[in-house]
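Protein chains in written order, with the working numbering: chain A, 134 to 950; chain B, 134 to 950.
Where a beta carbon is used, it is the ideal one built from N, C-alpha and C, also for glycine.
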């Protein structure tokens, strides 16, 4: 764990900029790197006077393709002290003080005098903002000035970019022109610079034949691949590849999928016949390895013949395009202009992903079009592939990592699924991803089957696709909610083949792709011989590359330079192993040793620490029909009753326990475990539990705020991105859910072994809730809510099922820091 | 009024695409224009068989820089009939039927078979979508096919662009390359095409010396101007200029302005001494015409020496950049890198705007930097300037139009202010722009004084700027709310010098810049010898250039080609004089003869048509202190009580009249007028009135929905824009405000002549409400709400003032269609 800057934060701040991707660098290397990017030149090497050198740096900063008078005038507008502009200061002083340097630095970093600082103690102000300052002597000697200038160029501006990236966006590198001999790529502080010409990007389409025949038409599936690569590759530069496998990218069938959505109000909890299943009984059959013959190219070419334009792109990828990476998009089987069928998470999807990686790493040939058998290599690629993307995109990155495919060196996985069962099911129950009640594997297959957006494909596949959808609906088995062979074939965690390094990113408030996906992947990978880094932020289902309070983009740059360019830049050492955004204080990022504390605190639910809010030891699943309908139609009404700590409309439907106020902050780190002794008066039952932080506080907003729209230049005259942040809500709220979980009482052992439930008989039901990192503030209380149907997540059944809990035999186990 | 397509809409639609910018074109001209854009070539001219020609058109449509096999394969994916792809169809049929042509057309327009249509009656489907079809013979002869193809290229896709603009975004024009001899500009159906290379735009800064010294430093104010012009101008192409004067563009002082915001809860309504003022007494003094000497250039150059990058841009401007217009941004006096002081709407702001226009139209010289006196002409400009922009940006366009400056040929004014008094005041009252309670001229001056974001400027101007702000605060006179010399100097409507053509655009739900700004400007201009077109949409304070249901961008293109390129393209004839989006039906645009109907319906407020909801003829301004505070803190609570038609918490504070249900639709068009006979028990009083549409209906959403993010390519690999639309809300609402108004009882004559109010004495108070166009549906009721302080708009005073209204002597006058 390396955390360069946090330690120097000295007081409560309104704006905090955290940097984790700065690489400590020796003076000699600093001089070399400044020469690479032309701040140090043959001319400046001759300048011994630090004042003169500083002025030359500033004039270079203002871009030498701007007029001399224009730049000199700009120097008169930047104040070095409250009395002197930096123009005057450098003309009248024999030395540069730290005070002058950091007064100017703050202005270069886009802080405003009068608004953000007042020119009196800029070094202190730098520290307040969480920004680094030099340890060089004051006033500067020549070397000290060079080191401080280098540090400054690697310091983040008020608007969330390093100063050198900001400068690149202003045209710093572009001013040198194509024929200047500027190195491409050029690395500065371990990060690849925006020296690539994004106005001349090459966009081309190829078709990769994947070793799979998912539509059983007797032909291997041809997969469309969209490549965006720097023009510099045509002049001999080999670049690594960032590959985003997005099933959504070629279009989605929104309305058709919406029309198929399951009605969770019609679902019923059913009694399941007990079984003696072990893992073997639900292990997916080995995939059919007999394949139609491979198509061999009849000739080869270096030139693609199809181009494309995009609407959606991922701004992190756009940033990387300017910084010396090719970006490749491919949507896989069953998407527009590709062959095959999609069945949500199947082996065929993985194979259509890894086939692209194989092409990119020179282990497979592609074709220029669907018909002519003209082969084409990824000759411009250096053979190293990384993956990026969030949600289903991150999921396919997980799939590729766990396939162990050669050529894939790393993946930045944001909110990816690691086991599809955990996405649509939980402990023998149908449990929806948050916000998507009624979605299931069949719906998502329909959504992403964009192949049918070509009219001929629509007509050709209509009947067999309907048949396919019915098969998925049967196999996904909404009736029992059990783990089965269908789901086992979609559990990437079955694999032990991972060898690519992984940067795992997940929102601690993501109830769509829940935290267990990241946690379980981490658990699987931690024993492997690979580097794993984890970043947990306070978002729901968000990308993280444009936030002010964390230099995630720089972290990714440093990471990918190491993994894909093979540059030894200390990425593994510099980047924290586990970086967590604090939930209780805005703009605060902490490094922790491990996600999942080994220290636990177990408390009986009958402990006097808890108050039983409505005095229940019993509760029913059923509520008055009209109320049930009202709550089903508007679950926010239901939630507000559920979380209430006084009389509520769900008093008969829940047990609510609330702890005494905490005497000090308590951080939950990992999976909360519940052990509930419960009886049902039916031969079935399901339990839902929520753990709640009770206490009035201004919590972070659920979705990030756009601080400045289109503020971030991702390159020179290239795409822009919004600057965002999770800020505190304006008004305090009373509570917030920490975590939750759900279990079918018949799945007390696991998600496929079915036990009986005898009416009236008590069972010990043990289950983990979703893993979290959550700091509960001193004075707050911990709430435990136990109930049956969870209108937001489980099926919405109003069956009469009455539960009796023995609180004396029930307990909660909190993993704590 | 020319409305080509609306008449052929035949049934209720889910998706309606309206086109108003299509220019009827003769066959000969069609052939010439298709030759200009290279669909007709020497080769196709020799093709006599319409089937062969059609196939060639399709192959060209698929871009000739794509491989032949790639394109032939694409033809197999497009269905001409339910049985045959267009590839097969054109190989096996002797003629092209309308059915085949429009089945293919719908697919080219991005409609999906299976989702949007089913290949059975495509001509009918085209009409359902509001799209045009040809009148040529079926099957096509050669000329008919050419005409139909031309019409199709000018038809809008499912995603809101003309097909030719979509095609340009795919690289249609770019494929020909820089040296192809493609005409630049090229006009197609009267609209300039996206043939300009946006990857090589030239961005440069110049400084214009405006003939004004607004900071009284003895020097004329130098104004920074940012120019973006096509690279083609370096090769001899002269282009017209679109100029956006945005005071926000160089940054804003958000926090400082926020801190100064007036507390409307501390304001009190005061008694004003009566006067006998006439307009002369409040007419602004003639501006001081003595000026410091003009700076003369000591040498001239063609080359600028400063460049820039932008964060904010206006997507309509970005679109225009690709289509052959230069785009210029300038922020005017008092903004960053310019000289001078801002005082919100002053003559100096206008002069700093028109000085830029003078430079752009070759009537003034600019300088390359602030110091060297090197002059530079706008040599690349054709001398014709149009302005664009919304809100303050549109305001400065109004100011420039009404200044009568030479060179300004037109302005597209979106939601511009025409009289600053009407922005911050109303009939002798302080009345805020909606959503900005407590804002005033001083606050906006502080917000836009970005000059101080340069540290030296901050320090230099600190004291005098504070003094300036105090002067504005005094002059704006929040105490009386009266019109005075300060406001008269900011009333652009005083001028009779307008000569530029105006395309006026305003949201019918804009309560920020209210409708009277557009209406009063229209009234002023209608007698002038210029062309005025008005577009009224259902937005609040929105841009209109990316909506699916109206081809606003094409209208602007047609308009600007006519006004700035001087091309006779029938723009004045083709574009409707007044285009209004319907409030009651989504995606519906209607042309009307005039905004402001001469037909009126006057009804006594005592008429039996009205029910007096709370039976009041009296009401008080005062409510219980606690309730007042609650309502002030959260005015939505107050509004919901105010609009209630049963018992409410404001029953003592209002008269609520509601009409009988309408027997047929009623469209209000213009200014509703109220004549109220009222007595106050104090020597002062203020009346507020709201006219309300009561009736359960799914109304349009207040803010537009993003239908498809980043779907619109504004050029080839250039900026993207979201596709938006005002859709109906998912749930029906009970009412909607139609319009409102406010008046100080002492300003019964006008906003500067003060009459007395004697307690207990009745006065006839006549006032207009904000002009509207609003269709009230059959079965709905019209509500009239009369009360005193309007917590959303007026000062929030809880003074005890009791009013008595004689409803028999009071009436409402509705301007109706």
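(request) Taking residue 77 of chain B as the query, report the chain A residues whose CB atoms sit under 9 Å from its CB, ordered along the chain. (result) Outside the displayed range of chain B (134 to 950) lies residue 77 of chain B, so it cannot be described from this structure.
(request) Identify, in the order they occur along the chain, each residue of the same chain with its Cβ nearer than 8 Å to the Cβ of residue 833 of chain A, setting aside the five sequence neighbours on each side. (result) Position 700 of the first chain, counted from the first residue, corresponds to residue 833 of chain A. Only 671, 716, 719, 859, 860, 861 and 862 meet the Cβ criterion.
(request) Below 7 Å between beta carbons is the criterion; list the residues of the region 245-272 of chain A that meet it against any residue of chain B, in chain order. (result) When C-beta distances to chain B are compared with 7 Å, the residues of the region 245-272 of chain A below that value are 245, 246, 247 and 248, in chain order.
(message) Within the continuous alpha helix (DSSP H) that includes residue 594 of chain B, where are the two ends?
(response) What you label residue 594 of chain B is simply residue 461 of the second chain in a count that begins at 1. For residue 594 of chain B, the enclosing alpha helix (DSSP H) begins and ends at 588-609.
(message) In the DSSP output, what is residue 377 of chain B paired with across the bridge?
(response) By one-based count along the second chain, residue 377 of chain B stands at place 244. The bridge partners DSSP lists for residue 377 of chain B are B:462.
(message) Quick check: the Cα distance between residue 563 of chain A and residue 597 of chain A, rounded to an integer number of angstroms?
(response) Residue numbering aside, residue 563 of chain A sits at position 430 when the first chain is read from its first letter. Residue numbering aside, residue 597 of chain A sits at position 464 when the first chain is read from its first letter. Distance between the alpha carbons of residue 563 of chain A and residue 597 of chain A is about 27 Å.
(request) On the DSSP bridge assignment, give the partners of residue 714 of chain A in chain order. (result) Here the question's residue 714 of chain A lines up with position 581 in the first chain. DSSP output for residue 714 of chain A lists A:722 as bridge partner(s).
(request) Could you please give the first and the last residue of the uninterrupted alpha helix (DSSP H) stretch that includes residue 693 of chain A? (result) Position 560 of the first chain, counted from the start, is the residue given in the question as residue 693 of chain A. According to the DSSP assignment, residue 693 of chain A belongs to the alpha helix (DSSP H) that extends over 685-697.
(message) Let me confirm a value: residue 512 of chain B is counted as buried when at least 16 other C-beta atoms fall within 10 Å, else exposed. Which label applies?
(response) Taking the second chain and counting its residues from 1, one reaches residue 512 of chain B at position 379. Result: exposed.
(request) Please compile the residues from chain B whose C-beta is within a distance smaller than 7 Å of the C-beta of residue 206 of chain A. (result) Residue mapping note: residue 206 of chain A aligns to position 73 of the first chain, counting from 1. Those within 7 Å of residue 206 of chain A in chain B are 502, 503 and 504.
(request) Quick one: residues in its chain with C-beta nearer than 6 Å to the C-beta of residue 139 of chain A, no 5 flanking neighbours on either side, listed in chain order? (result) Position 6 of the first chain, counted from the start, is the residue given in the question as residue 139 of chain A. Residue confidence for residue 139 of chain A is low, a pLDDT of 31 falling below 50, so the modelled location carries little weight; the figure read from the coordinates is stated next. Its chain contains no residue whose beta carbon lies nearer than 6 Å to that of residue 139 of chain A once the 5 sequence neighbours on both sides are disregarded.
(message) What ranges does the alpha helix (DSSP H) occupy inside the region 643-680 of chain A, keeping only unbroken runs of at least 4 residues that lie completely in it?
(response) Complete alpha helix (DSSP H) runs here, min 4: 648-658.
(message) Tell me the rounded alpha-carbon separation between residue 769 of chain A and residue 872 of chain B.
(response) One-based indexing of the first chain puts residue 769 of chain A at position 636. One-based indexing of the second chain puts residue 872 of chain B at position 739. A straight line joining the alpha-carbon of residue 769 of chain A with that of residue 872 of chain B spans about 33 Å.
(message) Does residue 607 of chain B pass the burial test, meaning 16 or more other C-beta atoms within 10 Å, or should it be called exposed?
(response) As a first step, residue 607 of chain B is located in the second chain; it is residue number 474 there, counting from the start. Counting the other Cβ atoms within 10 Å of the Cβ of residue 607 of chain B gives fewer than 16, which makes it exposed.
(request) Grab me the residues of residue 303 of chain B's own chain with a C-beta within less than 7 Å of its C-beta, minus the 5 sequence neighbours each way, in chain order. (result) Taking the first residue of the second chain as 1, we reach residue 303 of chain B at position 170. If we look at residue 303 of chain B and ignore the five residues flanking it on each side, its Cβ neighbours are 196.
(message) Spatial neighbours of residue 351 of chain A within its chain, please: C-beta separation below 6 Å, excluding the five flanking residues on both sides.
(response) The count along the first chain starts at 1 and reaches residue 351 of chain A at position 218. Only 425 meet the Cβ criterion.
(request) For chain A, find out if any of its Cβ atoms is closer than 8 Å to the Cβ of residue 863 of chain B; answer yes or no. (result) As a first step, residue 863 of chain B must be located in the second chain, where it is residue number 730. Proximity of residue 863 of chain B to chain A, defined by a Cβ-Cβ separation below 8 Å, is not satisfied.
(request) With distances taken Cα to Cα, identify the nearest neighbour of residue 910 of chain A among A:799, A:883 and A:865. (result) For this step, residue 910 of chain A is matched to residue 777 along the first chain. Ranked by Cα distance from residue 910 of chain A, the first of A:799, A:883 and A:865 is A:799.
(request) Whole angstroms is fine: what's the gap from residue 730 of chain A's alpha carbon to residue 837 of chain A's? (result) For the purposes of this step, residue 730 of chain A is identified with residue 597 of the first chain, where counting begins at 1. For the purposes of this step, residue 837 of chain A is identified with residue 704 of the first chain, where counting begins at 1. Each residue's Cα considered, the two are about 28 Å apart.
(message) Per DSSP, what are the beta-bridge partners of residue 756 of chain B in this structure?
(response) Locating residue 756 of chain B in the second chain gives position 623, where the first residue counts as 1. Paired residue(s): none; residue 756 of chain B is not in a bridge.
(request) Count the other C-beta atoms from every protein chain shown that fall within 10 angstroms of the C-beta of residue 828 of chain A, then say buried if there are 16 or more, exposed otherwise. (result) Position 695 of the first chain, counting from 1, holds the residue named residue 828 of chain A. So residue 828 of chain A counts as buried.
(request) Measure the C-alpha to C-alpha separation of residue 182 of chain A and residue 584 of chain B and round it to an integer number of angstroms. (result) The sequence position of residue 182 of chain A within the first chain is 49, counting from 1. The sequence position of residue 584 of chain B within the second chain is 451, counting from 1. Taking the straight line from one Cα to the other gives about 34 Å.
(request) Determine the DSSP secondary structure at residue 320 of chain B, reduced to helix, strand or coil. (result) Translated into the one-based positions of the second chain, residue 320 of chain B becomes position 187. DSSP places residue 320 of chain B in the strand class (E or B) of the three-state scheme.
(message) For chain A, check one thing: does any of its Cβ atoms lie closer than 8 Å to the Cβ of residue 843 of chain B?
(response) Locating residue 843 of chain B in the second chain gives position 710, where the first residue counts as 1. For residue 843 of chain B, the nearest beta carbon of chain A is closer than 8 Å to its own beta carbon.
(request) Please name the residue, chosen from B:462, B:342, B:266 and B:825, that lies closest to residue 868 of chain B on a Cα-to-Cα basis. (result) Taking the first residue of the second chain as position 1, residue 868 of chain B is located at position 735. Considering only alpha carbons, the answer is B:825.
(request) Just mark residue 185 of chain A as buried or exposed, buried being the case when its beta carbon has 16 or more other beta carbons within 10 Å. (result) Counting from one through the first chain, the residue named residue 185 of chain A turns up at place 52. Counting of Cβ neighbours within 10 angstroms places residue 185 of chain A among the exposed residues, the total staying below 16.
(request) Decide yes or no for the touch test of the region 330-342 of chain B against the region 434-442 of chain B: beta carbon pairs closer than 8 Å, at least 3 of them. (result) Look at the beta carbons and you see the region 330-342 of chain B touching the region 434-442 of chain B: at least three pairs across the two are nearer than 8 Å.
(request) Could you tell me which uninterrupted alpha helix (DSSP H) segments, each at least 4 residues in length, are contained entirely in the region 269-329 of chain B, listed from first to last along the chain? (result) Those alpha helix (DSSP H) runs which fall completely within the region 269-329 of chain B and span 4+ residues are 275-286 and 296-303.
(message) At a CB distance below 8 Å, what residues from the region 211-225 of chain B approach chain A? Give them in sequence order.
(response) Taking 8 Å as the Cβ-Cβ cut-off against chain A, the residues of the region 211-225 of chain B that qualify are 211, 212, 215 and 218.
(message) Taking 8 Å as the threshold (beta carbon to beta carbon), is residue 508 of chain A in contact with chain B?
(response) Here residue 508 of chain A corresponds to residue number 375 of the first chain, with the count starting at 1. Judged by the 8 Å Cβ criterion, residue 508 of chain A is not in contact with chain B.
(request) Answer yes or no: does any C-beta atom of chain B fall closer than 8 Å to that of residue 445 of chain A? (result) For the purposes of this step, residue 445 of chain A is identified with residue 312 of the first chain, where counting begins at 1. Under the 8 Å criterion on CB atoms, residue 445 of chain A is classed as interfacial with respect to chain B.
(request) Pick out the complete alpha helix (DSSP H) segments inside the region 171-251 of chain A, 4 residues or longer, and give them in chain order. (result) Listed in chain order, the complete alpha helix (DSSP H) runs (minimum 4 residues) inside the region 171-251 of chain A are 175-178, 183-194, 201-210, 219-225 and 231-241.
(message) How far does the beta strand (DSSP E) with residue 336 of chain A in it extend, from its first residue to its last?
(response) Translated into the one-based positions of the first chain, residue 336 of chain A becomes position 203. Per DSSP, residue 336 of chain A belongs to the beta strand (DSSP E) from 335-343.
(request) Whole angstroms is fine: what's the gap from residue 459 of chain B's alpha carbon to residue 373 of chain B's? (result) Counting from one through the second chain, the residue named residue 459 of chain B turns up at place 326. Counting from one through the second chain, the residue named residue 373 of chain B turns up at place 240. Going by the C-alpha atoms only, they are around 6 Å apart.
(request) Give the DSSP bridge partners of residue 858 of chain B, in chain order. (result) Translated into positions along the second chain, residue 858 of chain B becomes position 725. Looking at the DSSP assignment, residue 858 of chain B forms a beta bridge with B:838.
(request) Check the DSSP bridge columns for residue 900 of chain A and list the partner residues they point to. (result) The residue labelled residue 900 of chain A in the question sits at position 767 within the first chain. For residue 900 of chain A, the pairing in a beta bridge is given by DSSP as A:807.
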